[in-house]
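When we follow my numbering, the leftmost residue of the sequence shown carries the number 384, and every step to the right adds one. Glycine included, C-beta positions come from ideal geometry on N, C-alpha and C.
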Amino acid sequence: MIVAQALHYSKNRKKLLDFDEIEHPIALQVGGNDPLILSEAALIAESWGYDEINLNVGCPSQKVKSGNFGACLMKHPDLVARCIEAMKKKTNLPVTIKHRTGIDNLDSTEWLLSFIDKIASAGADRFSIHARKAWLNGLNPKENRTIPPLQYERVQKLKNNRPELIIELNGGINSIKDCINILEKFDGAMIGR
Numbered sequence: 384m385i386v387a388q389a390l391h392y393s394k395n396r397k398k399l400l401d402f403d404e405i406e407h408p409i410a411l412q413v414g415g416n417d418p419l420i421l422s423e424a425a426l427i428a429e430s431w432g433y434d435e436i437n438l439n440v441g442c443p444s445q446k447v448k449s450g451n452f453g454a455c456l457m458k459h460p461d462l463v464a465r466c467i468e469a470m471k472k473k474t475n476l477p478v479t480i481k482h483r484t485g486i487d488n489l490d491s492t493e494w495l496l497s498f499i500d501k502i503a504s505a506g507a508d509r510f511s512i513h514a515r516k517a518w519l520n521g522l523n524p525k526e527n528r529t530i531p532p533l534q535y536e537r538v539q540k541l542k543n544n545r546p547e548l549i550i551e552l553n554g555g556i557n558s559i560k561d562c563i564n565i566l567e568k569f570d571g572a573m574i575g576r
């Protein structure tokens with residue numbers, strides 16, 4: 384993940400963005416909360432040769448939280464939608480989002496469905512869902528990857544309710560066999576570590 388503001392102010396984008404051609408297809412994941420700066424990042428990603436741009440709305444780190452982006456953006460679905468819309472207007476690349484099933488006490492199935500609907504209406508091309516919520520206070524990033532329980536069934540309900548959306552599952556995937564099983568129910572399996 385690269386902070387969109389870092390791209391905006393960087394004097395050495397090559398250091399931040401370069402990749403080897405063998406890496407295609409390749410996505411640029413950005414963090415941020417300013418639609419204008421994120422739309423600029425989308426344009427930069429396209430001109431640099433990336434195949435996709437992904438908005439991170441799932442990272443719970445203290446540094447990310449202090450910048451008011453990552454998982455804490457899930458509290459502000461209207462802002463996330465404006466960010467996605469702005470990015471879609473600036474690029475022909477697929478604009479995707481990675482997020483959690485919720486944060487803190489914002490984690491009901493109804494709330495998550497409402498969040499997804501708002502972001503889908505904004506034009507998100509794919510949802511990468513880390514199938515556990517994030518606790519923004521009390522857990523560090525490592526604990527947020529292991530302590531909140533995985534909730535594959537909640538993500539499965541979303542996919543069943545919105546079959547037209549491209550939804551890939553993330554979290555707790557440890558083997559090729561896990562991936563094969565996930566691909567029977569979802570559009571993709573995302574391995575983060």
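- prompt: On the three-state DSSP scale, how would you describe Leu390?
  reply: Three-state DSSP puts Leu390 in a helix.
- prompt: By the 10 Å Cβ neighbour count, where 16 or more other Cβ atoms means buried, how is Phe452 classified, buried or exposed?
  reply: Counting every other CB atom within 10 Å of its CB across the protein chains shown gives Phe452 a total of 16 or more, marking it as buried.
message: Given this structure, state the Cα-to-Cα distance separating Arg509 from Gly521, to the nearest angstrom.
response: Near 30 Å, if we compare the C-alpha coordinates of Gly521 and Arg509.
task: Let me know the secondary structure DSSP gives Gly453 once reduced to three states.
output: The DSSP-derived three-state label of Gly453 is helix.
- prompt: Can you tell which of Phe402, Ile420, Leu411 and Leu399 has its C-alpha closest to the C-alpha of Gln388?
  reply: If we check each option's Cα against that of Gln388, Ile420 comes out closest.
- prompt: Are the beta-carbon atoms of Pro443 and Asn553 separated by less than 7 Å?
  reply: Their beta carbons are not under 7 Å apart, which means Pro443 does not touch Asn553 by this criterion.
For Ser511: DSSP bridge partner residues: Partner(s): Lys481 and Glu551.
- prompt: How many whole angstroms separate the CB atoms of Ala507 and Arg537, which I take to be in contact at a CB cut-off of 8 Å?
  reply: The Cβ separation is near 18 Å, so there is no contact.
message: Here's the rule: buried if 16 or more other CB atoms are within 10 angstroms of the residue's CB, otherwise exposed. What is Pro532?
response: Exposure of Pro532 is indicated by the presence of fewer than 16 other C-beta atoms within 10 angstroms of its C-beta.
field: Where the beta strand (DSSP E) through Glu348 begins and ends
entry: As displayed, the chain neither begins before 384 nor continues past 576, which places residue 348 out of reach and without an answer.
- prompt: Do the CB positions of Leu519 and Ile486 come within less than 7 Å of each other?
  reply: Yes, these two residues count as a Cβ contact at 7 Å.
message: Between Ser504 and chain C, is any beta-carbon pair separated by less than 7 Å?
response: Reference to chain C is not applicable here, since this structure consists of a single protein chain.
- prompt: Can the beta-carbon of Lys435 be found closer than 7 Å to that of Ala464?
  reply: Note that residue 435 is Glu in the sequence shown, not Lys. Against a cut-off of 7 Å, the Cβ pair of Ala464 and Glu435 comes out as no contact.
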